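Only one structure is covered here, and it is reproduced in the block below.
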Amino acid sequence: MPRKAKKNRRYINLPSRKGPLPFSDAVLIGDTLYLSGRIGLDPETGEVPDDMEVELRLLLDGFDAVLKQAGMNMDDLVWVQVYAPDVSLWERFNVAYLKRFSKELPARAFLGSGPLFKGGRFELMGIAVKREKALKRSVRRKTARRKR
Numbered sequence: 053m054p055r056k057a058k059k060n061r062r063y064i065n066l067p068s069r070k071g072p073l074p075f076s077d078a079v080l081i082g083d084t085l086y087l088s089g090r091i092g093l094d095p096e097t098g099e100v101p102d103d104m105e106v107e108l109r110l111l112l113d114g115f116d117a118v119l120k121q122a123g124m125n126m127d128d129l130v131w132v133q134v135y136a137p138d139v140s141l142w143e144r145f146n147v148a149y150l151k152r153f154s155k156e157l158p159a160r161a162f163l164g165s166g167p168l169f170k171g172g173r174f175e176l177m178g179i180a181v182k183r184e185k186a187l188k189r190s191v192r193r194k195t196a197r198r199k200r
């Protein structure tokens with residue numbers, strides 16, 4: 053792998069991560085963050101809570117924590133994929149999910165799946181692109197066009 057590609061890549065793992073796992077929580081390449089799939093596990097027990105609302109909160113809090121490690125937030129997400137063994141839970145997921153955004157929503161797929169790790173009801177993965185630099189580039193382009 054070329055040196056530049058190695059320098060441009062940052063592997064992100066939450067400090068609360070327990071034990072060696074065969075993947076990173078996310079990989080940051082330039083301004084783009086690739087987030088691994090995650091489920092809502094109770095940090096004390098390492099299990100999926102019985103209460104679905106608690107599971108959703110833990111899932112979204114964990115996703116948000118990974119984004120924060122990369123200097124991003126939920127509004128930087130551009131693509132999200134949700135897996136659920138029971139697609140009838142779509143609306144319950146949406147109630148918790150929509151509360152996490154203040155701006156436009158990312159593109160998304162909600163897919164039926166087989167059983168998830170530890171009996172999770174949802175698994176979430178996504179891609180985020182840091183907005184700040186994208187907005188600065190857009191302003192620079194507009195300014196350059198006006199000067200022509």
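In terms of our numbering, the sequence shown is numbered consecutively and its last residue is 200. Think of the CB as a built atom: it goes at the ideal place given N, C-alpha and C, for glycine as much as any other residue. Predicted, not measured: the structure shown is a model, and the values here were computed from it.
- Residue range 159-164 is occupied by the beta strand (DSSP E) that includes residue 162.
- The criterion of a C-beta distance shorter than 7 angstroms is satisfied by residue 88 and residue 77.
- Residue environment for residue 164: exposed (fewer than 16 other C-beta atoms within 10 angstroms of its C-beta).
- In this structure, residue 130 lies away from residue 79, with their beta-carbon atoms at least 7 angstroms apart.
- When DSSP states are grouped into helix, strand and coil, residue 124 belongs to the coil group.
- Taking the C-beta atoms as reference points, residue 65 is found no nearer than 7 angstroms to residue 82.
- Around the beta carbon of residue 128, a 10 Å sphere encloses 16 or more other beta carbons of the protein chains shown; the residue is thus reported as buried.
- Every alpha helix (DSSP H) stretch that sits fully inside the stretch 101-147 and reaches 4 residues is listed by chain position as 104-121.
- If you check the CB distance, residue 116 and residue 126 come in under 7 angstroms.
- Beta-bridge analysis with DSSP links residue 175 to 135.
- Just so you know, the alpha carbons of residue 168 and residue 183 end up roughly 32 angstroms apart.
- Assigned with DSSP and collapsed to three states, residue 150 falls in helix.
- The residues 163, 165, 175, in chain order, have a CB closer than 6 angstroms to that of residue 135 in the same chain once the five nearest residues on each side in sequence are set aside.
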